[in-house]
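4 protein chains.
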Amino acid sequence: MGTNDDSGPPVTTLRVGMIGYAFMGQAHSAAWRDVNPVYADLPVSVQLTALCGRSTEMVTAAARQYGWSRAETDWRAVVEAEDIDIVDISTPGDTHAEIAIAALRAGKHVLCEKPMANTVEEAERMAAVAAESPGLVAMVGFTYRRVPAVTFLRHLVQSGRFGRLRHVRAVYLQDWLADADAPWTWRLDKDKAGSGALGDIGAHIVDMAAYVTGQHITRLVADTETFVTERPLSDDDGTGEVTVDDTASFLARLDGGAVATFEASRFATGRKNGLRLELNGSKASAVFELERPNELMFYETDAPAAEQGFRRILVTEKTHPYFDVWWPPGHTIGYQQPFTHQAHDFIRAVIDATPASPDFADGLRVQRVLDAVQRSTETGAWVELPAPEAKGATKRKPRRGVLRRKGK
Amino acid sequence: MGTNDDSGPPVTTLRVGMIGYAFMGQAHSAAWRDVNPVYADLPVSVQLTALCGRSTEMVTAAARQYGWSRAETDWRAVVEAEDIDIVDISTPGDTHAEIAIAALRAGKHVLCEKPMANTVEEAERMAAVAAESPGLVAMVGFTYRRVPAVTFLRHLVQSGRFGRLRHVRAVYLQDWLADADAPWTWRLDKDKAGSGALGDIGAHIVDMAAYVTGQHITRLVADTETFVTERPLSDDDGTGEVTVDDTASFLARLDGGAVATFEASRFATGRKNGLRLELNGSKASAVFELERPNELMFYETDAPAAEQGFRRILVTEKTHPYFDVWWPPGHTIGYQQPFTHQAHDFIRAVIDATPASPDFADGLRVQRVLDAVQRSTETGAWVELPAPEAKGATKRKPRRGVLRRKGK
Amino acid sequence: MGTNDDSGPPVTTLRVGMIGYAFMGQAHSAAWRDVNPVYADLPVSVQLTALCGRSTEMVTAAARQYGWSRAETDWRAVVEAEDIDIVDISTPGDTHAEIAIAALRAGKHVLCEKPMANTVEEAERMAAVAAESPGLVAMVGFTYRRVPAVTFLRHLVQSGRFGRLRHVRAVYLQDWLADADAPWTWRLDKDKAGSGALGDIGAHIVDMAAYVTGQHITRLVADTETFVTERPLSDDDGTGEVTVDDTASFLARLDGGAVATFEASRFATGRKNGLRLELNGSKASAVFELERPNELMFYETDAPAAEQGFRRILVTEKTHPYFDVWWPPGHTIGYQQPFTHQAHDFIRAVIDATPASPDFADGLRVQRVLDAVQRSTETGAWVELPAPEAKGATKRKPRRGVLRRKGK
Amino acid sequence: MGTNDDSGPPVTTLRVGMIGYAFMGQAHSAAWRDVNPVYADLPVSVQLTALCGRSTEMVTAAARQYGWSRAETDWRAVVEAEDIDIVDISTPGDTHAEIAIAALRAGKHVLCEKPMANTVEEAERMAAVAAESPGLVAMVGFTYRRVPAVTFLRHLVQSGRFGRLRHVRAVYLQDWLADADAPWTWRLDKDKAGSGALGDIGAHIVDMAAYVTGQHITRLVADTETFVTERPLSDDDGTGEVTVDDTASFLARLDGGAVATFEASRFATGRKNGLRLELNGSKASAVFELERPNELMFYETDAPAAEQGFRRILVTEKTHPYFDVWWPPGHTIGYQQPFTHQAHDFIRAVIDATPASPDFADGLRVQRVLDAVQRSTETGAWVELPAPEAKGATKRKPRRGVLRRKGK
């Protein structure tokens with residue numbers, strides 16, 4: 000390509016500023032660091048320019064360890080910095096809207112961790128600003144879309160291999176709260192986290208189901224529960240109140256005719272990262288489990304009945320999505336690699352002016368589902384969801400000047 | 000013959016009359032036939048006395064093949080026959096109530112296939128008559144309770160190994176209707192079958208969850224769907240209407256504090272007999288899958304975190320429930336053997352005057368859940384269920400004369 | 000009784016005499032008892048006529064429990080009894096040759112448990128007498144050939160689905176001797192048992208590999224070990240000497256060009272009945288595991304690389320071998336059912352005058368492999384095995400008078 | 000800080016020169032690049048200083064992509080360069096000895112890919128030079144030792160959890176040569192590669208078994224085969240001769256009393272990276288499979304028989320080896336991460352002057368096993384192996400001046 004105009008020397012750098020550096024700090028830093036060595040196709044050099052956090056000491060140490068050129072403590076300074084092209088938002092959900100909107104308004108591309116926001120209202124504002132910024136990439140960090148097995152599953156569905164989709168069955172089960180004595184964290188505070196298992200991990204399966212099936216939830220009825228309402232503080236004698244759900248489950252209908260069940264829990268003893276998605280169609284079925292991310296179980300009705308069976312596909316072939324840059328067949332990837340895929344696709348969206356996926360409209364859609372779950376829980380009734388807007392198929396127009404040239 | 004001593008008046012035979020002989024005919028016949036050879040402890044001889052069906056020709060052939068002494072075509076004659084002690088009801092659900100009530104009133108012990116009835120009203124009448132017949136065994140054929148892994152799981156729960164139970168997750172998935180061209184059968188007719196996947200296979204997981212956890216559903220919200228509303232007749236050019244559900248799913252709360260999800264479907268491509276039950280407690284978790292009936296996955300939090308894991312217990316040890324009469328460890332049982340366990344326990348309940356499990360009160364409880372699912376689907380609202388009556392712990396008093404003596 | 004009409008000369012009964020009644024007593028008795036109820040095609044009635052053991056008291060109790068008409072203590076009397084058509088030999092290996100030869104000479108059909116003999120010399124004599132008795136069925140009880148998944152695997156190989164077979168990998172692992180304090184039994188006495196893990200369980204995988212692949216071992220090199228050479232007696236203060244192998248493993252070449260590894264052990268902690276057979280061909284691979292007898296893992300190279308995977312075939316379809324008489328798909332069978340298949344095929348061989356499989360020539364071939372393993376262990380060198388004699392494809396000629404008529 | 004002498008400012012950099020950049024280029028480059036960001040404990044900065052290959056164009060492109068400061072074409076220049084501290088050898092096996100010895104003699108630390116050499120003679124020379132260089136780290140790249148599940152398994156063995164080890168069962172199965180039309184590569188040339196499946200993948204299981212069990216092979220008998228002796232050239236009309244084994248298998252005895260079987264094949268259709276190691280001890284068993292690198296199956300006899308089972312441990316806890324630097328439980332690692340662990344441990348060995356593991360003596364031991372396999376195949380006889388020399392437990396003495404200071 001050349002992602003910029005033809006005159007002059009090629010664009011050479013894209014400079015990232017990341018806000019927040021906790022759990023996601025390591026994964027995102029590695030992704031930005033790895034994207035050039037892994038992807039020979041990229042005509043730009045990604046730079047880890049600024050890392051931002053509240054504690055000078057801690058963010059300085061993190062920046063040094065993860066390889067960021069400088070540490071900052073004021074996110075507004077990063078968002079507005081001349082030498083930042085991309086803002087990566089890895090903070091708790093209550094700050095996403097403000098930072099993302101500021102970043103877009105400052106002309107920066109934005110990668111925002113999931114869930115996109117804590118409320119539908121925030122998500123709507125974010126999506127509106129993104130829609131008004133056609134030259135900017137605004138992506139939500141539903142990284143699991145880029146686990147090769149998940150991407151491949153979507154490809155199989157899109158190829159018509161499943162016939163009519165009948166069932167979607169999705170759970171995301173963890174167990175780190177199953178012990179009633181596990182300490183309180185900000186993730187248990189509704190003001191900070193928006194919701195509990197629902198937004199933290201339920202959001203992933205809502206997005207994954209939509210991504211993989213291409214179908215959206217039209218209505219749902221839900222149930223949530225908080226098993227343990229008070230927990231010890233880790234740095235204090237007192238206790239903290241748990242104001243979010245410990246588990247959420249719901250029945251749903253999809254706009255393509257499938258029925259679906261969803262469940263998210265952080266009380267599922269023995270399940271560490273137990274995301275499991277099953278599809279049943281009239282012609283095929285599939286199961287994906289995140290604890291075995293390199294595998295896809297696939298069943299097809301094309302063989303004689305005596306020869307049918309769920310086949311365990313090792314999604315590690317050069318012909319599988321994303322795997323051409325990795326290892327020989329059977330040599331696995333882990334949790335880190337999809338972040339590198341995401342970084343790559345983000346960069347390609349920037350330089351090719353192609354749509355981001357998932358974009359802020361996708362993020363809003365997930366937010367509406369989370370909100371519907373909470374409303375259904377309150378009313379005990381089914382909640383209808385609006386039909387998603389048709390996505391424009393047109394190519395995104397790049398904003399002039401976003402890509403910089405070498406030496407600039 | 001006889002296995003007890005010769006002095007005095009020992010009981011020597013129990014004579015079975017079975018109504019219906021289709022799919023269940025083979026399994027039940029084998030169970031009555033095997034129960035003496037397998038169980039040396041039984042002081043009675045079980046006799047396959049009469050098999051009853053509508054077609055003289057077919058029932059005669061079936062009786063000959065399966066080893067029944069005579070064939071009958073009038074179930075009332077069997078129910079009232081002097082030489083019948085036990086009536087085994089394997090007909091479609093719409094006939095259960097009438098036959099079972101007649102049999103109990105005629106002083107016969109009754110084993111009734113599941114679901115116990117097609118309506119709550121029928122089930123209530125059956126349970127009432129059973130309650131008025133304390134000397135008679137009235138059992139429902141939820142045979143999976145007697146898969147050793149299931150019985151063992153209940154034992155682990157009852158021993159307190161799970162701590163507080165948080166989650167029950169139950170699905171029963173089959174795929175024999177996934178093909179829209181599969182022919183119509185009586186199982187798709189609401190008048191005959193009562194309901195579809197819900198009563199046929201959903202009933203199993205409702206009973207199993209209650210049996211294993213000891214908890215009962217207090218409220219639920221449900222969704223059902225019929226994907227294919229008309230199907231070709233197998234013996235005709237026309238089509239038959241499908242008046243039952245193809246799939247049913249519901250969220251539920253249990254009286255011990257757990258949240259639960261249930262799903263039954265006959266459209267789950269690739270799932271042949273896909274019953275799966277998962278429990279998550281504060282101290283342990285377990286998974287049982289009927290397609291691997293000899294295995295129980297069990298996770299316990301007692302080991303150091305680094306050593307915890309779901310362990311695959313082969314439930315084939317002499318110390319496992321029911322396995323003392325079978326093979327050395329690792330030598331599996333299949334679908335047939337729990338019917339033999341059921342026949343044994345039925346006989347023991349008769350001769351020891353101990354309670355049947357599951358009894359007609361259990362069957363009624365399942366029927367109420369099925370009914371609640373259908374009502375919730377109609378209204379879109381949560382439905383409350385009555386608390387189960389406390390079960391009398393008293394020993395059943397045998398009806399005089401029910402056991403017959405040799406030569407009588 | 001009988002299933003045919005009274006006119007004309009059809010055979011009506013085949014009367015079995017069984018020698019030995021320990022572990023195999025239950026399984027074989029049930030098979031003979033079930034074969035008529037399960038198989039409507041059989042035009043004869045199988046009768047459990049005589050059970051033979053050394054202890055009058057014990058054999059009488061066993062005969063009563065398992066449904067045999069009479070108990071005997073002299074095997075010669077059974078073998079020569081006028082009212083016995085079939086002799087079923089379930090005794091320890093050191094007695095097989097004498098009983099089987101006597102039975103064949105007395106004009107009886109013979110089903111002989113595996114391993115067929117304790118020495119090659121015995122096996123040769125048995126095979127010779129069987130060869131001289133073309134009207135008699137002489138079958139060896141390698142029952143696992145009749146696990147549907149195993150039979151189906153052979154069918155896939157014979158259909159050419161594997162291309163050139165490259166690898167055979169077979170283990171049979173149990174753990175009941177892993178505890179050094181487990182008591183001594185006759186199975187640890189070379190005089191009684193012939194060998195240890197080698198003959199007891201290794202014989203199964205040698206036969207299964209030959210059956211499934213159609214290839215025979217041409218040469219092998221072996222290693223055996225006895226980990227615990229003395230064990231406590233269960234009924235005494237003393238100890239018993241272990242004179243057999245605890246484990247045996249060998250490398251082998253097959254006459255079709257494949258390389259193979261075999262291993263049998265009773266010291267494999269955690270493996271209860273861990274028979275595992277893997278085939279790798281140029282076009283397909285498969286894995287069978289006896290602890291999951293209803294499953295076959297099958298991999299084929301016909302799909303695009305991205306879609307290949309080991310598929311878990313539930314071998315429970317009506318179109319699978321032997322399953323037409325059983326349950327709907329997904330309803331499993333266990334350890335017992337292949338004995339019923341074996342009884343059926345034995346009866347069919349008798350009445351159709353078709354070859355037995357496996358016959359005594361097969362049994363001899365296995366015996367030669369076991370012997371070669373022992374010789375290789377002694378010498379440390381590769382041992383060559385003779386090519387198997389071509390099997391006659393001609394139909395066995397039934398011996399006149401072997402089948403009896405009703406009332407005779 | 001500082002692990003070197005106390006005078007002066009702390010050491011700050013270790014500079015790596017890597018010879019070869021094919022498959023291993025990506026993995027090793029990423030490891031050297033990641034080691035500082037991932038490991039906060041390292042008091043030195045690792046620098047990717049020079050990458051060396053034969054083609055100027057290709058090595059220049061690789062150096063640019065993977066982030067090496069400069070490209071070289073003369074390995075001797077790299078080995079002797081003043082600004083290189085560590086030589087990483089990723090070339091084919093026939094060059095390892097020359098490069099490694101030159102590097103050690105030039106005072107460089109060496110990381111040498113496996114197998115360490117193509118012949119025992121080469122390996123002996125390498126080990127001898129390493130032994131004469133006590134201040135230098137000389138490590139062999141048996142990276143799988145640092146898969147957390149493997150390291151953890153060794154820990155369990157060393158803790159005595161297995162009791163007496165009875166069985167080791169190791170296979171490494173791939174299928175990239177199963178297609179007879181797959182093109183010829185240098186890996187099929189004995190002069191270049193030393194051996195085929197044996198050295199390429201068999202070496203891994205030989206090392207892993209020794210590492211995990213702490214036992215060494217005392218004798219073995221082997222079989223190898225080349226199924227396809229000629230293959231098409233990828234860049235030519237002709238064919239290339241295959242002069243190495245396609246598969247190798249052997250029976251072995253270990254010095255701690257266990258019996259073992261090993262098999263390596265590149266013809267195992269469907270197996271992509273099918274390394275599988277099983278241990279059976281008197282008190283425990285375990286299975287590790289490389290295609291599921293985050294899992295360890297572990298069976299222990301401490302529970303009541305009814306509760307024993309192979310437990311699937313997700314080796315992703317903070318308390319598992321190497322996982323403290325990674326993700327929350329259940330968030331997996333893949334093929335890349337053990338290279339990072341290896342780089343870390345290599346650096347720590349350099350700065351702490353602790354022994355390398357595996358060192359060149361370990362590599363020599365593996366080489367002797369590979370050689371014994373080839374000799375046994377030629378002679379058909381068992382081959383004895385020398386007992387390993389006891390390893391000195393003394394701390395390695397660092398070579399003065401090996402660590403450089405900032406700004407030097």
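These protein sequences, in sequence, are chains A, B, C and D.
Note that numbering that gives the first Met the number 0 has the first sequence beginning at 0, numbered continuously upward.
Note that numbering that gives the first Met the number 0 has the second sequence beginning at 0, numbered continuously upward.
Note that numbering that gives the first Met the number 0 has the third sequence beginning at 0, numbered continuously upward.
Note that numbering that gives the first Met the number 0 has the fourth sequence beginning at 0, numbered continuously upward.
Positions of the beta carbon are idealized from the N, C-alpha and C atoms, including for glycine.
These numbers come from a predicted model, not from an experiment.
Residue i lies in the beta strand (DSSP E); which residues open and close that run?
{"i": "D:S264", "result": "258-264"}
{"i": "D:M115", "result": "Run containing D:M115: none; DSSP gives neither H nor E here."}
{"i": "A:L313", "result": "309-313"}
{"i": "D:R69", "result": "69-71"}
Taking the beta carbon of residue i as the centre, do at least 16 other beta carbons fall within 10 Å, making it buried, or is it exposed?
{"i": "B:W74", "result": "buried"}
{"i": "A:K317", "result": "exposed"}
{"i": "B:Q157", "result": "exposed"}
{"i": "D:A39", "result": "exposed"}
{"i": "A:A126", "result": "buried"}
Under 8 angstroms between C-beta atoms, does residue i make it to chain A?
{"i": "B:A179", "result": "yes"}
{"i": "B:G379", "result": "yes"}
{"i": "D:I332", "result": "yes"}
Are the C-beta of residue i and some C-beta of chain B separated by less than 8 angstroms?
{"i": "D:R14", "result": "no"}
{"i": "C:G329", "result": "yes"}
Quick one: does residue i have its CB under 8 angstroms from some CB of chain C?
{"i": "B:S281", "result": "no"}
Is the beta carbon of residue i within less than 7 angstroms of some heavy atom of the ligand HEM?
{"i": "D:F249", "result": "Ligands are entirely absent from the displayed structure, and the ligand HEM is therefore not among its contents."}
Report yes or no: is there a C-beta of chain D within less than 8 angstroms of the C-beta of residue i?
{"i": "B:F309", "result": "yes"}
{"i": "C:L103", "result": "no"}
{"i": "B:L289", "result": "no"}
{"i": "A:P36", "result": "yes"}
{"i": "C:F226", "result": "yes"}
Report the residue from the options whose alpha carbon sits nearest the alpha carbon of residue i.
{"i": "A:H154", "options": "A:L369, A:R367, A:Y321", "result": "A:Y321"}
{"i": "C:I85", "options": "C:N35, C:L13, C:T150, C:E97", "result": "C:L13"}
{"i": "C:P327", "options": "B:Q335, B:P327, B:G329", "result": "B:Q335"}
{"i": "C:L47", "options": "C:V372, C:I83, C:V58, C:G198", "result": "C:I83"}
{"i": "D:R145", "options": "D:L289, D:T55, D:E97", "result": "D:L289"}
{"i": "C:Q173", "options": "C:G333, C:T331, C:G280, C:N272", "result": "C:N272"}
{"i": "C:D301", "options": "D:L50, D:G269, D:R291", "result": "D:G269"}
If you follow the alpha helix (DSSP H) that residue i is in, where does it begin and where does it stop?
{"i": "B:F359", "result": "359-378"}
Problem - Secondary structure, beta strand (DSSP E): runs of 3+ residues fully inside the region 135-171 of chain C - result: 137-139
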